[in-house]
Amino acid sequence: MQLNRIVNFHKTVGDKTRIQIIALLKDGPLHGQAISGKLGLTPPTISYHITKLREIDVIYQRRDKNTIYFHLNENKLELMTQAILRIGGKKDLNSFEVTDEEKYKVIHNFFLEDGSLKSLPAQRKKKLIILEHLVKGLQIGRIYQEREINEYIKQFHEDFATIRREFIMCQFMNRQAGEYEMNPKELWLI
């Protein structure tokens, strides 16, 4: 469940050394030896903490010739730190209020009479309305296999891969090890 991921994120980040590593990487990518030197810790200690941060996707690595540089995944860091506020009912700064009338108009404009989706809107607000409408047939608390999600989406549109990816990116669903689960509505971006 999404709540477990939020708890795991905060447990992992809640370490002095890991916070220091995040602060260093905020200024740009560094290799392990540089991080070790700046923090005055041994390379194995830095490697341990880097591994923990990579497990929660806050840090990723890129190789440049023989050197591995660590980069901060600022989007993931920001998303996970704001997750607690979304659970409490507050949305992030990019969210918006949508009336039922607006939802009706968007749904009416983007769906054919047979229930199929004409196209996925490019405008973020309309896209979120369409995605919210699409997930209404899925159950919160149930684990879905990727194949099941694909078949469900195919009822509405042939590009199931894009829509499935949007479900994840817009936080309607969580994917872990090929299994999909609906997030609580409080985490949705709409």
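Numbered per the working numbering, the sequence shown spans residues 7 to 196.
Every residue, glycine too, gets a C-beta built ideally from N, C-alpha and C.
- The Cβ-Cβ distance between H139 and I113 falls below 8 angstroms.
- Out of I90, L30, I174 and K111, the CA that lies nearest to the CA of F76 is found in L30.
- In the structure shown, the three-state DSSP call for T105 is coil.
- Rounded to whole angstroms, the gap between the alpha carbons of P35 and Q161 is 44 angstroms.
- For I196, the closest alpha carbon among the candidates I149, I146, K131 and Y150 is that of K131.
- Ranked by Cα distance from N79, the first of K44, L193, N72 and D33 is D33.
- Comparing alpha carbon positions, the residue from K22, C176 and N115 closest to V141 is C176.
- When the beta-carbon positions are compared, I52 and S42 come within less than 8 angstroms of each other.
- Of all alpha-carbon atoms in G143, T168 and H163, the one lying nearest the alpha-carbon of E187 is that of G143.
- Taking 8 angstroms as the cut-off, the Cβ atoms of K82 and V64 count as close.
- CA-CA distance, T168 to E103, rounds to 25 angstroms.
- By the CB criterion at 8 angstroms, T18 and I56 fall outside the cutoff.
- Here the alpha carbons of L91 and Y158 stand approximately 31 angstroms from one another.
- DSSP places H77 inside the beta strand (DSSP E), whose first and last residues are T73 to L78.
- DSSP places R148 outside both helix and strand once states are collapsed to three, so it counts as coil.
- Per DSSP, reduced to three states, the secondary structure at I62 is coil, with no helix or strand assignment.
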